[in-house]
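Some notes on the structure that comes next.
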Amino acid sequence: MSELNEAEATQANVLVNSVVKNLCALAARAWAKHWIITFTAPTGVGKTTAVDYAQKTLPFDRQVIRCKQITTRYTLLQALALAPGEQWNTHGRNWMCAADLYDRALERIRQRPYLCVIDEADRLRLDCFEILRDFWDDAKLPILLVGNEVLTVKLNSQHERLFRRIRVRFEQRPLREADLRKVLEFMGYTIADDEFTLLWKLVGGSPGFAEALLENANEIAASQGVKRGIEALEGALRYFPTLRAAA
Amino acid sequence: MKHTVRRTLKDHLIRRALAAPPELAAELLRRGMLTSNERERFLCLLPNEGRELPALPLGPVRFATLLAQGDTVLAAWVVLRNLIRPDELVWLYRLLALHESNEKCRELTRIVERALEGRKGNVRTKRG
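Pasting the structure below:
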């Protein structure tokens, strides 16, 4: 599938709400100004969906790094030094040390700059943040760090030097009531008013939590051979002690 | 005679299964988590706890939700012993992200990530 078709398919699969719009706008600004920007939002709001959307639709070079692939400074350098699709095949005597990899990554950025988007950046190790700061200092690599509230706390308390270089710190608010309803309907859920009122009371603007609750309720209803209703939703609550406390 | 379970490494699975919600314990028994001896001991000890195992199997989302909520060591055991299906694994990963995180949860998340990638083994890479 061509990149254009892929972008069109992505647009059809994702509801472009405020989270997606804000993330794409910040990505464009980071790219244009060569800034480091942080995008923080509570878990379950749809950050990763927005990152996936941005990855497929942004009209400039970008590289998305997901922290589950990154466990050490070396793997971060590998991700930045290798071109898309390039295999890592230097082993044994030809093994590259971290400094060589850093130079290679730097060279790649200078030859063809790109926007570096890091999803779940709150999970990065301390030394990985230092590497990112070095890339910005040496090559003005535009970086968009995406994570939850922990990211701000972590940067603020442990990475003062990187923190001072961040130009925009954007905090995404949870979705509003109407937006949450739109997202859930887009995801294919038909929700009665009483169910939605309970959901909104419990999860606020977090479609991720709402989906987990609804799926649990669906299973409970299916096991009883009935259609999902408010009883099933209340039954699903016992699997979420933290939400039950909030209720 | 009252049966008791001693706090030994050998007994840790039985203790954890006894402490788990009954639906989860029943599902894990169904999936063969315990050996026949352990299963016998577990069923012997269950009335002491004043609990009964439900007969209905759990669906994938409820199974993953109970694993994500409960004992992280038990959940890690389930993942590493392949007692969980891929669709349940995906749900477990999503649900773990929704919970408040601590060191044990992060380690479990890493185990699940590696299982999703088709790998297992050492996951003790500390994150800063």
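As you go down the protein sequences, you meet chains A and B in turn.
Sequential numbering of the first sequence, starting at 307, is according to our numbering.
Sequential numbering of the second sequence, starting at 116, is according to our numbering.
For glycine and all other residues, C-beta sits at the position ideal for the given N, C-alpha and C.
The structure displayed is predicted, hence computed values, not measured ones.
Which two residues bound the contiguous alpha helix (DSSP H) that contains residue i?
{"i": "V509 (chain A)", "result": "D499 to V509"}
{"i": "L382 (chain A)", "result": "R379 to A387"}
{"i": "R479 (chain A)", "result": "It is not in any alpha helix (DSSP H) - R479 (chain A) carries neither H nor E in the DSSP assignment."}
{"i": "T363 (chain A)", "result": "K353 to T363"}
{"i": "D406 (chain A)", "result": "A404 to Q417"}
{"i": "K339 (chain A)", "result": "S324 to K339"}
{"i": "H127 (chain B)", "result": "H127 to A134"}
{"i": "P137 (chain B)", "result": "P137 to R145"}
{"i": "L539 (chain A)", "result": "I536 to A542"}
For residue i, which residues in the same chain have their Cβ closer than 6 Å to its Cβ, ignoring the five residues on either side in sequence?
{"i": "G243 (chain B)", "result": "Summary for G243 (chain B): the model assigns pLDDT 44, below 50, so the residue's position carries little reliability; its value from the coordinates is reported in the next sentence. Within the same chain, G243 (chain B) has no close Cβ partners at all."}
Could you name the residues of the same chain whose beta carbon sits closer than 7 Å to that of residue i, not counting the 5 residues immediately before and after it, in chain order?
{"i": "N223 (chain B)", "result": "According to the sequence shown, residue 223 (chain B) is Leu rather than Asn. Same-chain partners within the cutoff: T187, A190, A191 and L211."}
{"i": "K241 (chain B)", "result": "Annotation note: pLDDT 49 at K241 (chain B) (below 50); position unreliable, coordinate value reported separately. Same-chain partners within the cutoff: there are none."}
{"i": "A538 (chain A)", "result": "A523, I526 and A527"}
{"i": "E142 (chain B)", "result": "P172, L173 and F178"}
{"i": "K219 (chain B)", "result": "T187"}
{"i": "A445 (chain A)", "result": "L412, I415 and R416"}
{"i": "A387 (chain A)", "result": "L407, R410, A411 and R414"}
{"i": "Y420 (chain A)", "result": "D367, R368 and Q369"}
{"i": "R487 (chain A)", "result": "F502"}
{"i": "S512 (chain A)", "result": "P348, G350, V351 and P480"}
{"i": "T428 (chain A)", "result": "Here residue 428 (chain A) turns out to be Asp, not Thr, going by the sequence shown. For D428 (chain A), where only same-chain residues beyond five positions count, the Cβ hits under 7 Å are G453, N454, V456, L457 and K460."}
Could you tell me whether any non-hydrogen atom of the ligand ATP is closer than 8 Å to the CB of residue i?
{"i": "Y380 (chain A)", "result": "The model on display carries no ligand, and the ligand ATP is accordingly not part of it."}
From what residue to what residue does the beta strand (DSSP E) around residue i run?
{"i": "C422 (chain A)", "result": "L421 to D425"}
{"i": "T458 (chain A)", "result": "Taken as a continuous stretch (DSSP letters only), T458 (chain A) belongs to no beta strand (DSSP E), being part of the alpha helix (DSSP H) at E455 to Q464."}
{"i": "E436 (chain A)", "result": "That residue, E436 (chain A), is in no beta strand (DSSP E); its alpha helix (DSSP H) goes L432 to A445."}
{"i": "V176 (chain B)", "result": "Where V176 (chain B) is concerned, there is no enclosing beta strand (DSSP E), although the alpha helix (DSSP H) it sits in stretches over P175 to Q184."}
{"i": "I342 (chain A)", "result": "I342 to T346"}
{"i": "I376 (chain A)", "result": "Premise fails: I376 (chain A) is in no beta strand (DSSP E) and is neither H nor E."}
Would you identify the three-state DSSP class for residue i, choosing helix, strand or coil?
{"i": "L154 (chain B)", "result": "Checking the sequence shown, residue 154 (chain B) turns out to be Arg, not Leu. Of the three classes helix, strand and coil, the one that applies to R154 (chain B) here is helix, per DSSP."}
{"i": "W192 (chain B)", "result": "helix"}
{"i": "I526 (chain A)", "result": "helix"}
{"i": "I199 (chain B)", "result": "coil"}
{"i": "R368 (chain A)", "result": "strand"}
{"i": "P448 (chain A)", "result": "coil"}
{"i": "R473 (chain A)", "result": "strand"}
{"i": "K488 (chain A)", "result": "helix"}
{"i": "A170 (chain B)", "result": "coil"}
{"i": "Y495 (chain A)", "result": "coil"}
{"i": "L321 (chain A)", "result": "coil"}
{"i": "R234 (chain B)", "result": "coil"}
{"i": "T349 (chain A)", "result": "coil"}
{"i": "F546 (chain A)", "result": "coil"}
{"i": "G391 (chain A)", "result": "coil"}
{"i": "E521 (chain A)", "result": "helix"}
{"i": "L533 (chain A)", "result": "Correcting the residue type first, residue 533 (chain A) is Lys in the shown sequence and not Leu. Coil, per DSSP."}
{"i": "L211 (chain B)", "result": "helix"}
{"i": "L468 (chain A)", "result": "helix"}
By Cβ distance, which residues of its chain are closer than 8 Å to residue i, with the 5 residues on each side in sequence left out?
{"i": "A134 (chain B)", "result": "D186"}
{"i": "I129 (chain B)", "result": "V120, L149, E153, R156, F157 and L160"}
{"i": "D440 (chain A)", "result": "Y408"}
Does the region 376-384 of chain A come within contact of the region 427-438 of chain A, defined as at least 3 CB pairs closer than 8 Å? yes
contact_flag[the region 338-347 of chain A, the region 491-511 of chain A] where n(CB pairs < 8 Å) is 3 or more: no
The region 488-504 of chain A contacting the region 140-159 of chain B, beta-carbon criterion three pairs below 8 Å: no
Just by C-beta distance, which residues in the region 502-521 of chain A are closer than 9 Å to chain B? So the list reads S512, G514, F515, E517, A518 and E521, given in the order they occur along the chain.
Evaluate the contact criterion for the region 454-474 of chain A versus the region 357-369 of chain A: three or more CB pairs, one atom per stretch, below 8 Å. The region 454-474 of chain A vs the region 357-369 of chain A: no contact.
Taking a Cβ distance cut-off of 7 Å, strictly less, list which residues of the region 158-192 of chain B are near chain A, in chain order. L171, G174, V176, R177, T180, L181 and Q184
Chain B contacts made by the region 353-383 of chain A, where a contact means CB separation under 8 Å: K374, T377 and T378
May I ask you to list, following chain order, the residues of the region 460-484 of chain A that have a beta carbon less than 7 Å from some beta carbon of chain B? none
Chain-ordered residues of the region 207-221 of chain B with a beta carbon less than 8 Å from chain A: R209, L210, A212, L213, H214, E215, S216 and R221
Quick one: which residues of the region 327-349 of chain A get their C-beta closer than 8 Å to a C-beta of chain B? List them in chain order. T349
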